[in-house]
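The block underneath contains the structure these notes are about, expressed in structure tokens.
Residue numbers (this note's numbering): 1 to 85.
The following block contains the structure:
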């Protein structure tokens, strides 16, 4: 099977959440992270874009989504794009 690149948009619980700490927690828990970027939304609120590359296997994304949503400070998660490599 091939590999899949998926980009997620993580929303913080509030503007007080330290997204740099969230980034460090993500790097610690997921080895498949290829890129992360803080994206301004408005009124001081930022989101975090996270791109992961994984094997194309059944149930693989569910595990990654569960890991991302379990991180302190993350309130919501949205898969923005997914493509085969």
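No residue lacks a Cβ here, since even glycine has one placed at the ideal position from N, Cα and C.
- Bridge pairing for residue 5: 53, 83 [DSSP].
- Note on residue 74: 16 or more other CB atoms within 10 angstroms of its CB, so buried under the neighbour-count rule.
- The beta-carbon distance between residue 3 and residue 54, rounded to whole angstroms, is 7 Å. This is short enough to meet the 8 Å contact definition.
- For residue 69, the closest C-alpha among the options 1, 12, 42 is that of 12.
- CA-CA distance, residue 51 to residue 80, rounds to 10 Å.
- Secondary structure note for residue 22: it is in no beta strand (DSSP E), and the uninterrupted alpha helix (DSSP H) holding it is 19-29.
- A distance below 6 Å between beta-carbons, with the five flanking residues on each side excluded, links residue 56 to the following residues of its chain, in chain order: 1, 2, 4.
- A straight-line Cα-Cα distance of about 31 Å links residue 61 and residue 43.
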